Every structure is written in structure tokens, then in C-alpha cells.
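Terminal number for the sequence shown in our numbering: 810, no gaps in between.
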Amino acid sequence: MRTHTSPRDAKTTANTSTANAESHLLAFMEEMHKWETSLIEAQKSSGGTYFDANKDALRASLQGIYQTHLTPKERKNGRVAALNFGTPLEYNPSVEKITASEVLTTNKKVVIETVYPTYMEFRRRYTLVVSNDTWLLDKREDFSPLKGKWTSATL
656 MRTHTSPRDA KTTANTSTAN AESHLLAFME EMHKWETSLI EAQKSSGGTY
706 FDANKDALRA SLQGIYQTHL TPKERKNGRV AALNFGTPLE YNPSVEKITA
756 SEVLTTNKKV VIETVYPTYM EFRRRYTLVV SNDTWLLDKR EDFSPLKGKW
806 TSATL
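In C-alpha cells, the structure reads:
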């Protein structure tokens, strides 16, 4: 069940904001899922040589996804810099489900929580902000059951 937290007088606008932000997040997840899936399939069919032989092209295609969906800032430890992949897939919008959306600043900032059941129920929190009338993913946090709090995660 999705929750929309917003000021009473801006409820309709806030619900529209969360719906647009959620759509953008799901589009990002879908593109990342396709990128991860095609990379794993190519790696398997090449006998394990595809990744090393195509790092520049992989980085460029990933950078394109990031330029479309993420805020423009340096991510020293992000996936573009580290260029990694593995299983289970990090993004799978058919499995990872949105559980809550909260408007922090109407039409400017939204936090979306998800659950991604892999070997356990994995909770994530995405912060999206508006830039040039477009929702962009700014950060991701994962919930640490051991620490009992949200921790920063790399994008």
C-alpha cells in the first residue's frame, strides 16, 4: 500500500508529484535491469570474455542511463566508476515493489521506499528531486537490520 504524505492543501499536487517520481524511478529500474540482463547474457555466451573486452562500451551505455535518470554529480564509488555486475540483479522492477512515497518538498523532492525480496526482504529508499522540470534520482539508501537504520548505498 502506498502512502502519500503531504500538506493537506497540496494533496492533489503531491499525489501527482509522487506518481511522476515513481514512474521515473521505475523507468530507471527498467533500464538498469535491461543493462544488467544483457550484460550477463553476453558474458555467458562469450565464455566469460565479454565484460573485459567491452568495458568502454559498457561504461558509455551505463553513463547514458545515468545522464537520463540521475542528478548530475560526481559519484566516485558509483557503478559507472566501479563498473560491476552480478546476480541476483541489483534492479528488477517486476520484483522490487514500491511500498511508500513521501513528498518532502511539493514538486521538488520525494522519497520512495521499496521492498526487494531476494534471499531476504531487502528495503531500499530512493530520493528523487526535480531538475529542469524532470524527476531525477539523487540517492539510494538501504535499510540495515543490523544497525537498525538507513545507510547510504552507491548508485
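Built from N, CA and C at the ideal position, the CB exists for glycine as well.
Bear in mind the structure is a predicted one, so any value in this text is a computation, not a measurement.
In this structure, how does DSSP classify residue i when only helix, strand and coil are distinguished?
i, result
"F740", "coil"
"K728", "coil"
"K752", "strand"
"S786", "strand"
"S693", "helix"
"L810", "coil"
"S701", "coil"
Could you give the distance in angstroms between the alpha-carbon of residue i and the alpha-carbon of residue j?
i, j, result
"G803", "A712", "39 Å"
"F683", "H724", "6 Å"
"S678", "S799", "26 Å"
"Y705", "I695", "9 Å"
"D664", "V785", "The pLDDT assigned to D664 is 38, lower than 50, so where the model puts this residue is not dependable, and the model offers no usable value."
"E768", "T754", "6 Å"
"D793", "N787", "14 Å"
"E807", "S672", "In the sequence on display, residue 807 carries Ser and not Glu. Spanning the two alpha carbons is a distance of roughly 24 Å."
Closest by CA to residue i, which one among the options?
i, options, result
"T726", "Y781, F706, P743", "Y781"
"N675", "T789, T806, E696", "T789"
"T760", "R730, L783, Q698", "L783"
"P743", "S700, A708, F777", "F777"
Does the count of Cβ pairs from the segment 737-746 and the segment 704-721 closer than 8 Å reach three? yes
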